[in-house]
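Colleague: My questions will all concern the structure given below.
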Amino acid sequence: MSSHAPPRARPVVTGLGVRSACGHGIDPLAAAVGLGTPAFDTVTRFDTGGRRTHRAALLPDPPQLADAVLDVIDEAWRQADPEDADTTPLLLALHSDLNTRAVADRVGEATSTRRGLGGVTRVYTGACVASGTAVADAAALVSAGHRSRVLVAAGHLVGPGVFAAFDAGRALARDGSLRPFSAGRTGTLLGDAAVAVVIEDEAAAERRGAPVLARIAGWGRSGDAHHVCRPAPDGRALALAAESALARAGVAPEEVGYVNAGGTGSPLADRAEAAALHRTFGRHTGRLPVSSSKSVHGHALEASALLELAVTISALSSGLLPVNAGWLGPDPDCGLDLVLEGPREAHPRYALSLNSAFGGANTALLVAAP
Amino acid sequence: MTTATAVRVLARGGWPEPGDTELPPLAGFTASSFSPLVAVAAERCLRTHLGPDRPVPPAPTRTALLLASSSGDRATARAIDTAAASGGRVPPLLFFQSNPNAVLGHLAARWQLTGPVVAVAPTTPAVPGELPVDALELAALLLADGDADQVLVISAEQTEDRRCPDRAVAALLARA
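As given, the protein sequences belong to chains A and B, one line each in that order. Add 146 to the 1-based position in the first sequence for the working numbering, that's all there is to it. Add 18 to the 1-based position in the second sequence for the working numbering, that's all there is to it.
See below:
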């Protein structure tokens, strides 16, 4: 069982910048997930002729990846409006490929010039939990009093290489729809995203009257110790990450009122995640609204956890739960209270955002309404 | 970033070590030296800590895996890009190893390591044969934050240059 150090500060989110296939900013994304309107379309960015699937959720006029990341950093930084920048670490999540270093260098140079930040501190490349891990580490740094503020950013634009690799692994939905936890689901669909958040000490935010969008109440990370890429079917390790997040916050499972699931649409991974939710929430699972907003904005890989954190923060703020789109019918192996129609109004105090990745990596972020 | 948590080294391993010639292959991984490189350094470290006669897998431990690599798996990335550009099919094994987490999953399953699984690219290169300072700081943060009792840090750099061999170093860390 985890033994968490007593917190010296409470980490809160004071700035948020988002680009997704749903549009620029949080509002179009919130509207799309609130109504369950998927952003998938036929891919024309590159040739998909030799692939089994031809759909993804893409920005209409994609900028260079570094520019997309810089845009959302500017948006988040303007909203938080801190007085000093140079001591703020920048944790950046990117796909590991031949361009990773060049993108990180460009983001680092531009943020130094434009915002006086000290450059990129660290690049997280750990697949679908990369940005979730970065958020957990940022919260840990603030909570322990090591830093008063941390900037976390992530970006992923769908390219021909990743698309071809996911196609080769038969990970993409053959029918062109991402149907998390649904009967008849056939896989995931990729999506573009760039997201940035400013996470800082609540006391520092209050002192300068900064807007508090949400509080990062808890976080947890764990590993399946099961397989190179397949999830452990019993969901035990993902449940441990969720339980670590709850324990850190001192929050009981019954106090959680919404789960933004990782829900990739993978037959195996969704079943394992459902098992993890039953382990964590027990009888409360039957009354716990769950959805995977990937069914609307697609799977943004290294940026996915940060994109879904943005969706979760928005849901807590608006009182409108994201819809689990693409639903065909129940999978008896999942047994969740899915949000199937929108708008669905609810005002939970706490929401949990989960993600899992290759290597059996799991992250859980517990978000509290401000 | 300073996290001010003292750590101690329980064991070390690396590649190459004196007498090493050919990197041992790793079943299930192809077309690149990166995952075998990570695996051999990690396994040497874990075997040193476990002792030569104890069976694998050992009992599960809350050990985090932290892979730090500025290069990443360049050979796999290049093979995927080349296949995609030709319009042909990417070999399915390349999908599985397309992310540095994959070899960490292999190690976690074989050695029953149930802690966080983390992959990073340090922005400041490590001194050859040493662990990057940033990776040590992140390991200290993971230990202090409570999701792991130990951290296996692996630093691996793939050069794609015959004159300059791939190098990896691993260390198993715990709180001092």
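Ideal placement from N, C-alpha and C gives every residue a C-beta, glycine not left out.
In three-state terms, what does DSSP make of V442/A?
Modeller: As a working mapping, residue 442/A is identified with position 296 in the first sequence. Residue state, collapsed to three classes: helix.
Colleague: Taking the continuous alpha helix (DSSP H) assigned at A120/B, which residues delimit it?
Modeller: Here the question's residue 120/B lines up with position 102 in the second sequence. A120/B -> alpha helix (DSSP H) spans 119-129.
Colleague: Decide if S277/A is buried, meaning its Cβ has at least 16 other Cβ atoms within 10 Å, or exposed.
Modeller: The residue labelled residue 277/A in the question sits at position 131 within the first sequence. Classification of S277/A: buried, given that the 10 Å Cβ count is 16 or more.
Colleague: Would you mind stating whether I459/A and A342/A have Cβ atoms separated by less than 7 angstroms?
Modeller: For this step, residue 459/A is matched to residue 313 along the first sequence. For this step, residue 342/A is matched to residue 196 along the first sequence. No, the Cβ-Cβ distance between I459/A and A342/A is not below 7 angstroms.
Colleague: Should V343/A be flagged as near chain B, meaning a C-beta pair shorter than 7 angstroms?
Modeller: Working through the first sequence from its first residue, we reach residue 343/A at position 197. V343/A does not count as touching chain B.
Colleague: Distance check for A60/B and F114/B, CA to CA, integer angstroms please.
Modeller: Numbered from its first residue, the second sequence carries residue 114/B at position 96. Numbered from its first residue, the second sequence carries residue 60/B at position 42. Going by the C-alpha atoms only, they are around 19 angstroms apart.
Colleague: Start and end of the beta strand (DSSP E) containing H302/A?
Modeller: Position 156 of the first sequence, counted from the first residue, corresponds to residue 302/A. Counting along the chain, the beta strand (DSSP E) containing H302/A begins and ends at 295-302.
Colleague: Just checking: is the beta-carbon of D217/A within a distance shorter than 7 angstroms of some beta-carbon in chain B?
Modeller: Here residue 217/A refers to the residue found at position 71 when the first sequence is read from its first residue. No - not a single Cβ of chain B is within 7 angstroms of the one on D217/A.
Colleague: Do you know offhand how far L204/A's Cα is from T188/A's?
Modeller: Locating residue 204/A in the first sequence gives position 58, where the first residue counts as 1. Locating residue 188/A in the first sequence gives position 42, where the first residue counts as 1. For L204/A and T188/A, the distance between alpha carbons rounds to 9 angstroms.
Colleague: CA-CA distance, M147/A and P75/B?
Modeller: In the first sequence, counting from the first residue as 1, residue 147/A sits at position 1. In the second sequence, counting from the first residue as 1, residue 75/B sits at position 57. For M147/A, the predicted model reports a pLDDT of 48, less than 50, meaning its position is unreliable; a value from the coordinates is still stated below. So the alpha carbons of these two residues sit roughly 21 angstroms apart.
Colleague: Do three or more CB pairs link the region 455-474 of chain A to the region 207-218 of chain A at distances below 8 angstroms?
Modeller: Touching, no, given that fewer than three Cβ pairs across the two stretches are closer than 8 angstroms.
Colleague: I'd like to check one pair, T94/B with S50/B: are the Cβ atoms closer than 7 angstroms?
Modeller: Translated into the one-based positions of the second sequence, residue 50/B becomes position 32. Translated into the one-based positions of the second sequence, residue 94/B becomes position 76. Taking 7 angstroms as the Cβ cut-off, S50/B and T94/B qualify as a contacting pair.
Colleague: Beta carbon of T509/A, beta carbon of T279/A: below 7 angstroms?
Modeller: To locate residue 509/A, count along the first sequence from 1; it is residue 363. To locate residue 279/A, count along the first sequence from 1; it is residue 133. Contact: yes.
Colleague: Could you tell me which chain B residues have their CB closer than 9 angstroms to the CB of Y270/A, listed as they occur along the chain?
Modeller: On the first sequence, residue 270/A is found 124 positions in, with the first residue counted as 1. What Y270/A touches in chain B: V136, A137, V138, A139.
Colleague: Give the C-beta separation of L392/A and G364/A to the nearest angstrom, bearing in mind that I take them to be a contact with Cβ-Cβ under 8 angstroms.
Modeller: Within the first sequence, the letter at position 246 stands for residue 392/A. Within the first sequence, the letter at position 218 stands for residue 364/A. 6 angstroms between Cβ atoms; contact.
Colleague: In chain order, what residues of the same chain have a beta carbon less than 7 angstroms from the beta carbon of D321/A, not counting five sequence neighbours either side?
Modeller: Looking up residue 321/A in the first sequence gives position 175. Around D321/A: T332.
Colleague: Using a C-beta to C-beta distance shorter than 7 angstroms, which residues of chain A count as neighbours of V108/B?
Modeller: In the second sequence, counting from the first residue as 1, residue 108/B sits at position 90. Correct list: A310, A311, A314.
Colleague: Compare the beta carbon distance of F327/A and G409/A with 7 angstroms and say whether it is the shorter of the two.
Modeller: Locating residue 327/A in the first sequence gives position 181, where the first residue counts as 1. Locating residue 409/A in the first sequence gives position 263, where the first residue counts as 1. Yes, Cβ-Cβ distance for F327/A and G409/A is below 7 angstroms.
Colleague: On the three-state DSSP scale, how would you describe P43/B?
Modeller: As a first step, residue 43/B must be located in the second sequence, where it is residue number 25. In this structure, P43/B counts as coil in the three-state DSSP scheme.
Colleague: Taking the C-alpha atoms as reference points, what is the distance between C375/A and G123/B?
Modeller: Residue 375/A sits at position 229 when you count from the first residue of the first sequence. Residue 123/B sits at position 105 when you count from the first residue of the second sequence. For C375/A and G123/B, the distance between alpha carbons rounds to 7 angstroms.
Colleague: Figure out for me which residue from V25/B, D38/B, R26/B, E148/B has the closest Cα to the Cα of P183/B.
Modeller: For the purposes of this step, residue 183/B is identified with residue 165 of the second sequence, where counting begins at 1. Out of V25/B, D38/B, R26/B, E148/B, D38/B has the C-alpha closest to the C-alpha of P183/B.
Colleague: Checking 7 angstroms against the spacing of the C-beta atoms, do S499/A and L511/A come in under that value?
Modeller: On the first sequence, residue 499/A is found 353 positions in, with the first residue counted as 1. On the first sequence, residue 511/A is found 365 positions in, with the first residue counted as 1. Going by C-beta atoms, S499/A is nearer than 7 angstroms to L511/A.
Colleague: Using DSSP's beta-bridge definition, name the partner residues of N406/A.
Modeller: Taking the first sequence and counting its residues from 1, the one referred to as residue 406/A is at position 260. Note: N406/A sits in a beta bridge opposite S437/A, S499/A.
Colleague: Look up M147/A in the DSSP assignment and say whether it is helix, strand or coil.
Modeller: Residue 147/A sits at position 1 when you count from the first residue of the first sequence. Below a pLDDT of 50, predicted positions are generally treated as unreliable, and M147/A, at 48, falls in that range; the measurement from the model is reported next regardless. It is coil, neither helix nor strand.
Colleague: Can you tell me where the alpha helix (DSSP H) holding R96/B begins and where it ends?
Modeller: Within the second sequence, the letter at position 78 stands for residue 96/B. Element bounds for R96/B: 92-103.
Colleague: Select from A286/A, A385/A, P379/A, V253/A the residue whose C-alpha is nearest the C-alpha of A340/A.
Modeller: Reading the first sequence from its first residue, position 194 is the one you call residue 340/A. Among A286/A, A385/A, P379/A, V253/A, the Cα nearest to that of A340/A belongs to V253/A.
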